[in-house]
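Chemist: Whatever position you read off the sequence shown (first residue = 1), add 16 for my numbering.
My structure is below; once you've seen it, I'll send some questions.
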Amino acid sequence: MTQPSPFAEIWRGPILESVHSGHAVVCDDTGQIAQSWGDPSAVILPRSSSKMIQALPLVTSGAADKMRLSTEQLALACASHNGAAIHTDRVNSWLDTLGLDDAALRCGPQEPDDRDARNHLIRADEAPCQVHNNCSGKHAGFLTLNKHLGGNSEYVDPAHPVQMACLEAFEDVTEETSPGYGIDGCSAPNHACTLHGMARAMARFAAAPDGAAETRLHQAMRLHPELVAGEGRACTELMRAMDGKVALKTGAEGFFIAILPEQKLGIALKAACGTTRAAECAIAAILVKLGALDPNHPATLKRMNAPITNRREIVTGVLKPARVPQRVGQSCSHSGF
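Take a look at the structure:
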């Protein structure tokens with residue numbers, strides 16, 4: 017197995033304090049590797065970066081059109097949101113159109129990441145609901161598909177028709193037979209594949225024709241970046257920085273994907289250490305190298321060549337890519353950014 021490649025460096029003054037490493041793949045519209053770092057054959061769990069794949073059966077089954085889902089709802093089906101009012105109000109409204117409420121969800125309650133929403137719950141002495149879970153939009157999508165399929169209420173069971181449809185879609189777009197799955201934080205199965213397979217799937221999304229399910233989903237994400245994540249989050253800020261031309265999605269344990277429709281490219285990366293800052297730095301570096309992201313945009317500079325400050329706001333170091341690749345198409349299996 018090829019060793020992980022350096023992704024990001026942490027410098028404190030003149031001292032290199034730590035190095036984050038990982039694996040990354042850029043695929044073209046034929047599914048071939050255009051560029052790679054580390055091991056493209058590494059078997060990974062894409063975690064929430066696979067939500068747009070899990071949302072495919074919602075569209076391809078006809079459920080989305082039957083329920084007249086909006087682009088906002090399709091974006092929420094792909095989201096890991098902050099639990100802000102703009103997210104929870106929309107998910108609650110969606111559940112209401114299904115004749116369901118919070119109890120129908122199987123994602124579990126979660127304290128919202130949005131500060132205003134969290135403070136509101138504290139002041140009201142209320143506990144968070146399942147709708148505050150960052151995956152509640154995905155689960156509303158599952159419930160919509162479940163209503164269409166006529167399944168039982170336990171839609172997160174791996175043997176449930178909803179999850180079987182998600183597995184079929186996953187294996188179709190990755191062009192691999194999944195070796196297994198883990199149970200995600202929201203209780204749904206999360207299927208494994210190679211990193212190459214995930215990048216190939218994202219390239220398929222990028223190259224899909226107008227009107228295809230893949231296109232409808234990444235268009236919805238690009239139209240509503242605030243719903244995919246939330247204020248202050250990398251997905252939202254970087255999509256805005258690229259004027260909605262690229263769809264981005266983070267996943268737990270240092271995963272990230274990008275869908276570049278104009279270039280018909282897909283990106284998948286995994287920080288071996290599982291840290292968010294490494295994955296965010298790496299995705300920004302790759303997008304800059306591909307010409308999709310302005311290196312001087314404030315959203316870029318928060319993740320790439322970002323100053324590290326202490327509690328007195330004194331700059332004590334910097335987070336930066338390990339080394340920038342020389343050219344697109346070059347194999348970078350043993351070098352960093």
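From the three backbone atoms N, C-alpha and C, an ideal C-beta is built for every residue, glycine too.
1. Taking its Cβ as the centre, do 16 or more other Cβ atoms sit within 10 Å of Gly345, making it buried, or is it exposed?
2. Measure the alpha-carbon distance for His350 versus Val42 and round it to whole angstroms.
3. Can you confirm whether the region 57-71 touches the region 123-130 when touching is taken to mean that 3 or more C-beta pairs between the two stretches lie within less than 8 Å?
4. Could you give the DSSP three-state label for Ile330: helix, strand or coil?
5. Look up Ala143 in the DSSP assignment and say whether it is helix, strand or coil.
6. Is the beta carbon of His136 closer than 8 Å to that of Gly246?
7. If Ala222 and Ile275 are in contact, beta carbons under 8 Å, what's the gap, nearest whole angstrom?
8. Looking at the strands, I want to know which residues DSSP matches up with Ser86.
9. For Ser347, count the other beta carbons within 10 Å of its own beta carbon; 16 or more makes it buried, fewer makes it exposed. Which is it?
10. For Thr210, which residues does DSSP report across the bridge?
11. CB Leu309 to CB Leu303, shorter than 8 Å?
12. Taking the straight line between their C-alpha atoms, what separation do you get for Phe23 and Pro62?
13. Drop a sphere of 10 angstroms on the beta-carbon of Lys154, count the other beta-carbons inside from all chains shown, and report buried for 16 or more, exposed for fewer.
14. Am I right that Arg256 and Ala315 are in contact with their C-beta atoms under 8 Å? What's the rounded C-beta distance?
15. For Pro323, which beta-bridge partners are listed by DSSP?
16. What residue ranges within the region 161-228 form continuous alpha helix (DSSP H) runs of no fewer than 4 residues, ordered along the chain?
17. Going by DSSP in three states, Lys318 sits in which element: helix, strand or coil?
18. Relative to the alpha-carbon of Lys163, which residue among Lys265, Glu142, Leu114 has its alpha-carbon at the smallest distance?
19. Could you check what DSSP says for Thr291 in three-state terms: helix, strand or coil?
20. Specify whether the region 34-48 and the region 177-188 touch according to this definition: at least 3 beta carbon pairs, one from each stretch, less than 8 Å apart.
21. Considering only their Cβ atoms, is the gap separating His207 from Tyr197 smaller than 8 Å?
22. Does DSSP put Gly270 in a helix, a strand or coil?
23. Among Arg293, Ala219, Leu161, which residue has its Cα nearest to the Cα of Arg84?
24. Is Leu233 closer than 8 Å to Val354 when the C-beta atoms are compared?
25. Could you give the DSSP three-state label for Cys43: helix, strand or coil?
26. Identify the continuous alpha helix (DSSP H) that holds Pro22 and give its terminal residues.
27. What do you get for Ala140, buried or exposed, if any count of 16 or more other CB atoms within 10 angstroms of its CB means buried?
28. Got a sec, what are the start and stop residues for the beta strand (DSSP E) Ala119 sits in?
29. Roughly how many angstroms separate the alpha carbons of Ala50 and Arg220, rounded to a whole number?
Modeler: Taking the structure as given:
1. At Gly345 the pLDDT is 40, less than 50, meaning the model places this residue with poor confidence and gives no usable figure here.
2. Residue placement at His350 is poorly supported in this model, since its pLDDT is 41, which falls under 50; the coordinates still yield a value, given next. Using only the alpha carbons, I get a separation of about 15 Å.
3. no
4. coil
5. coil
6. no
7. 5 Å
8. Partner(s): none; Ser86 has no beta bridge.
9. In this prediction, Ser347 has a pLDDT of 44, which is less than 50 and means its spatial position is unreliable; what the coordinates show is noted afterwards. The residue is exposed, with fewer than 16 neighbouring Cβ atoms inside 10 Å.
10. Val59
11. yes
12. 18 Å
13. buried
14. 7 Å
15. Val334
16. 177-190, 211-223
17. coil
18. Leu114
19. coil
20. no
21. yes
22. coil
23. Leu161
24. The chain is shown from 17 up to 353; residue 354 falls before or after that span and cannot be answered.
25. strand
26. Taken as a continuous stretch (DSSP letters only), Pro22 belongs to no alpha helix (DSSP H), being part of the beta strand (DSSP E) at 21-28.
27. exposed
28. Neither: Ala119 is in no beta strand (DSSP E) and is coded neither H nor E.
29. 14 Å
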